[in-house]
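*Asks:* The UniProt record's numbering puts the first residue of the sequence shown at 1, with every later residue one more than the last.
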Amino acid sequence: MPGGSPRAEPERNAKADDDAATVDLSRAVEEVAAPAVGAGSGRRVSTAALMIAALLALLGFTLVVQLRTTSTDPTVAATRQEDLVRILYDLDAREVRLRQDIAALEESQRQLRSGEQGRRVALEEASRRADELGILAGTLPARGPGLSVRFVAGGGEPISASRVLDAVQELRGAGAEAMQISGGGGVAVRVVASTYFLNGDNGALVVDGRRLTGPFTITVIGDPATMRTALNIPGGVVASVAGDGGNVIVEDREVAEVSALHAPISLEHARPVS
1 MPGGSPRAEP
11 ERNAKADDDA
21 ATVDLSRAVE
31 EVAAPAVGAG
41 SGRRVSTAAL
51 MIAALLALLG
61 FTLVVQLRTT
71 STDPTVAATR
81 QEDLVRILYD
91 LDAREVRLRQ
101 DIAALEESQR
111 QLRSGEQGRR
121 VALEEASRRA
131 DELGILAGTL
141 PARGPGLSVR
151 FVAGGGEPIS
161 ASRVLDAVQE
171 LRGAGAEAMQ
181 ISGGGGVAVR
191 VVASTYFLNG
201 DNGALVVDGR
211 RLTGPFTITV
221 IGDPATMRTA
231 LNIPGGVVAS
241 VAGDGGNVIV
251 EDREVAEVSA
261 LHAPISLEHA
271 RPVS
């Protein structure tokens, strides 16, 4: 109608639809009950037919209520949309927080690995340096390529302590890293920076207070070619011993074993500078 309310027309349409649905359900009930009444026997409608009719009526009523609620509540659609928007917003915010947590954990893991790797490298370097110092100080055994230098006296002239000291100095100058000297009785003494050599009785040597008898053998670790060249220079130890009537036998060793150890001394006055 021209002067009526804008909502009057949809409400009448909804009511007409509800009435039509009710009429259809009533008709369906009558059709279900009709065979039982028209049987001519005058019997009452069976229990099964009544139950079916009741279920159909309940279903129809439920559908009518559903349709009416949906058509007359304009806020349902809007409310659901807002809920969805809020849920999506919460999920996005949670995803952002989780990504931030993951990034923080990955950074912590990287720092831990970096710190652990740094500590491991430092420990390996410290251990390597300690081994090197131990070999140089004579407190650790060593093995590697090197030479065997054997002194043999001849012509009644014994091998003097000065000749052995010359050999040690020439080997050190050629890059010797570790060495020991042994005598005929199997006694070996580690040669370090503080080692001294003295002439003993009957051709013996006194090395760091220990008496060694000939022949004397120096076992040294280093570059074999360089050390051999140093020993054989003109006027060097090989030539000097030969001039005394003796002989120096130099042999390469793929693996030279320096097993004698030097007892470390206790420092009384020297302190490291920090």
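Cβ coordinates follow ideal geometry from the N, Cα and C atoms, glycine included.
Output the distance between the C-alpha atoms of L112 and R120, rounded to the nearest integer angstrom.
*Replies:* Position 112 of the sequence shown, counting from 1, holds the residue named residue 112. Position 120 of the sequence shown, counting from 1, holds the residue named residue 120. So the two alpha carbons sit approximately 12 Å from each other.
*Asks:* Count the other CB atoms within 10 Å of the CB of P272; is the residue buried (16 or more) or exposed (fewer)?
*Replies:* Taking the sequence shown and counting its residues from 1, the one referred to as residue 272 is at position 272. Exposed, since its Cβ has fewer than 16 Cβ neighbours within 10 Å.
*Asks:* Quick check on this structure: which residue in G156, A137, N232, G154 has the alpha carbon closest to the alpha carbon of S259?
*Replies:* As a position in the sequence shown, residue 259 is number 259, starting the count at 1. It is A137 whose Cα lies nearest to the Cα of S259.
*Asks:* What do you get for A103, buried or exposed, if any count of 16 or more other CB atoms within 10 angstroms of its CB means buried?
*Replies:* The sequence position of residue 103 within the sequence shown is 103, counting from 1. Classification for A103: exposed.
*Asks:* For V250, tell me which candidate among A167, A161, L84, Q117 has the shortest Cα-Cα distance.
*Replies:* As a position in the sequence shown, residue 250 is number 250, starting the count at 1. Among A167, A161, L84, Q117, the Cα nearest to that of V250 belongs to A167.
*Asks:* Applying the 10 Å Cβ sphere with the 16-neighbour rule, what's the burial state of V238?
*Replies:* Indexing the sequence shown from 1 puts residue 238 at position 238. Buried is the call here.
*Asks:* Does DSSP put S148 in a helix, in a strand, or in coil?
*Replies:* If you number the sequence shown from 1, residue 148 lands on position 148. DSSP places S148 in strand when its eight states are reduced to three.
*Asks:* Which residues in the same chain as E268 place their Cβ atom closer than 7 Å to its Cβ, once the five residues preceding and following it in sequence are excluded?
*Replies:* Residue 268 sits at position 268 when you count from the first residue of the sequence shown. Excluding positions up to five away in sequence, the list is empty.
*Asks:* Hey, is the region 239–249 in contact with the region 173–192, meaning 3+ C-beta pairs nearer than 8 Å?
*Replies:* Flag = no, the region 239–249 and the region 173–192 do not touch.
*Asks:* Please classify P224 as buried or exposed, where buried requires at least 16 other C-beta atoms within 10 Å of its C-beta.
*Replies:* The sequence position of residue 224 within the sequence shown is 224, counting from 1. That one is buried.
*Asks:* Check whether the Cβ atoms of V220 and L165 lie closer than 7 Å to each other.
*Replies:* Indexing the sequence shown from 1 puts residue 220 at position 220. Indexing the sequence shown from 1 puts residue 165 at position 165. No, the pair does not count as a contact, with Cβ atoms beyond the cut-off.
*Asks:* What's the gap between the Cα of L261 and the Cα of P215?
*Replies:* Taking the sequence shown and counting its residues from 1, one reaches residue 261 at position 261. Taking the sequence shown and counting its residues from 1, one reaches residue 215 at position 215. Computed Cα separation, rounded: 21 Å.
*Asks:* If you check the beta carbons only, do I181 and V207 fall under 7 Å apart?
*Replies:* By one-based count along the sequence shown, residue 181 stands at place 181. By one-based count along the sequence shown, residue 207 stands at place 207. A contact, by the Cβ cut-off of 7 Å.
*Asks:* Check the DSSP bridge columns for M179 and list the partner residues they point to.
*Replies:* Walking along the sequence shown from the start, residue 179 turns up at place 179. DSSP, once it has assigned bridges, lists V191, V220 as partnering M179.
*Asks:* In three-state DSSP terms, what is I87?
*Replies:* Within the sequence shown, residue 87 is the residue found at index 87, counting from 1. Correct three-state label for I87: helix.
*Asks:* Just verifying my parser: in three-state terms, what is the DSSP assignment at E254?
*Replies:* As a working note, residue 254 is residue 254 in the sequence shown. It is a strand residue.
*Asks:* Going by other Cβ atoms of all chains shown within 10 Å of its Cβ, with 16 needed for buried, is S162 buried or exposed?
*Replies:* Position 162 of the sequence shown holds residue 162. Exposed, because fewer than 16 other Cβ atoms sit within 10 Å of the Cβ of S162.
*Asks:* Assuming G222 and E177 form a contact by the criterion Cβ under 8 Å, report the distance between their Cβ atoms to the nearest whole angstrom.
*Replies:* Taking the first residue of the sequence shown as position 1, residue 222 is located at position 222. Taking the first residue of the sequence shown as position 1, residue 177 is located at position 177. Confirmed, Cβ separation roughly 5 Å.
*Asks:* Quick check on G183: buried or exposed, where buried means 16 or more other Cβ atoms within 10 Å of its Cβ?
*Replies:* For the purposes of this step, residue 183 is taken as the residue at position 183 of the sequence shown. Per the 10 Å Cβ criterion, buried.
*Asks:* Note down the Cα distance separating Q81 from E116, rounded to an integer number of angstroms.
*Replies:* Within the sequence shown, residue 81 is the residue found at index 81, counting from 1. Within the sequence shown, residue 116 is the residue found at index 116, counting from 1. Rounded to the nearest angstrom, the two C-alpha atoms are 52 Å apart.
*Asks:* Which residues in the same chain as S266 place their Cβ atom closer than 7 Å to its Cβ, once the five residues preceding and following it in sequence are excluded?
*Replies:* Taking the first residue of the sequence shown as position 1, residue 266 is located at position 266. If we look at S266 and ignore the five residues flanking it on each side, it has no Cβ neighbours.
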